[in-house]
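In full-length UniProt numbering, the protein residues as written are 1 to 192. One structure below.
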């Protein structure tokens, strides 16, 4: 794991659906004392309608202009490197596929049963369990996108365009806890 020294004010947290990235991002924002920004909340309009690409990119550009943040989400296919151009650190939450599948399945069941509101009035329904319909199933999406995402982020780790960024790859819950403890002990703060 990469040692994170110095102040960290702008962090991008990425990983597959169900990897635990939102939990890590929220905890990280709390430790650093910076705003938590969820790209899904910007991307999804009411009724599961995707935001217009230009509007989404403009809103992402706007939030990344702030001095400090932890941004949760991928969306490179929609906004390119907008987030990473402003980030100082990328935290890649990358547990094994089996763990992702267990976590995303349990999360989908919980959200459907409790009718939890996610963003802008949107809720995951029981359709998320229809594995044969990839457009409806976050479980199927997590399975299908897992391997390509690993390829994309492994390539990003060695891409010279991202040389100014520091990357941390967290492959287990133990890695997550050690990383967050390290940040907490170091007294790093995003503001001030």
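Think of the CB as a built atom: it goes at the ideal place given N, C-alpha and C, for glycine as much as any other residue. Treat the numbers as computed from the prediction; the structure is a model and nothing was measured.
_With three or more C-beta pairs closer than 8 Å as the rule, is the region 18–30 touching the region 94–101?_
Contact holds between the region 94–101 and the region 18–30, because three or more Cβ pairs, one in each stretch, are under 8 Å apart.
*asked:* Ignoring anything shorter than 4 residues, give me the alpha helix (DSSP H) runs that lie fully in the UniProt domain "ATPase AAA-type core" (13–65), in order along the chain.
replied: Listed in chain order, they are 21–32, 39–43, 53–64.
_Quick check on residue 190: buried or exposed, where buried means 16 or more other Cβ atoms within 10 Å of its Cβ?_
In this prediction, residue 190 scores a pLDDT of 46, lower than 50, which makes its location untrustworthy; the coordinate-derived value is nonetheless stated afterwards. The residue is buried, with at least 16 neighbouring Cβ atoms inside 10 Å.
*asked:* Applying the 10 Å Cβ sphere with the 16-neighbour rule, what's the burial state of residue 95?
replied: Taking a 10 Å sphere around the C-beta of residue 95, we find 16 or more other C-beta atoms and assign the residue as buried.
*asked:* Extract the residue ranges of the beta strand (DSSP E) inside the region 76–137, only unbroken runs of 3 or more that lie entirely within it.
replied: Within the region 76–137, the complete beta strand (DSSP E) runs of at least 3 residues are 89–93.
_According to DSSP, simplified to helix, strand and coil, what is residue 180?_
In the structure shown, residue 180 sits in a helix (DSSP, three-state: H, G or I).
*Answer with buried or exposed for residue 70, where buried requires no fewer than 16 other C-beta atoms within 10 angstroms of its C-beta.*
Around the beta carbon of residue 70, 16 or more other beta carbons lie within 10 angstroms, which makes this residue buried.
*How is residue 161 classed by DSSP in three states: helix, strand or coil?*
Collapsing the DSSP output to three states places residue 161 in a helix.
*Taking all protein chains shown into account, decide if residue 65 is buried (16 or more other Cβ within 10 angstroms of its Cβ) or exposed.*
So residue 65 ends up on the exposed side.
*Would you check if the distance between the CB atom of residue 72 and the CB atom of residue 22 is smaller than 8 Å?*
Yes, the pair counts as a contact, with Cβ atoms nearer than the cut-off.
_Rounded separation between residue 124 and residue 145 - CA only_ = Distance between residue 124 and residue 145, taken at the CA atoms: about 19 Å.
_Pair within 8 Å by beta-carbon distance, residue 105 and residue 150_ = Not in contact: residue 105 and residue 150 (Cβ atoms no closer than 8 Å).
*How would you label residue 128, buried or exposed, when you count the other beta carbons within 10 angstroms and need 16 or more for buried?*
Residue 128 should be labelled buried.
*Buried or exposed by the 16-neighbour rule on C-beta atoms within 10 Å, applied to residue 49*: Note on residue 49: under 16 other CB atoms within 10 angstroms of its CB, so exposed under the neighbour-count rule.
*Would you check if the region 154–172 and the region 80–93 touch, i.e. whether three or more CB-CB distances between them fall below 8 Å?*
The region 80–93 vs the region 154–172: in contact.
_According to DSSP, simplified to helix, strand and coil, what is residue 173?_
When secondary structure is reduced to three states using DSSP, residue 173 falls in the helix class.
*Name the DSSP beta bridge partners of residue 166, please?*
Beta-bridge pairing links residue 166 to 89.
*Where do the N-terminal and C-terminal ends of the beta strand (DSSP E) with residue 72 fall, by residue?*
Segment 69–72, the beta strand (DSSP E) holding residue 72.
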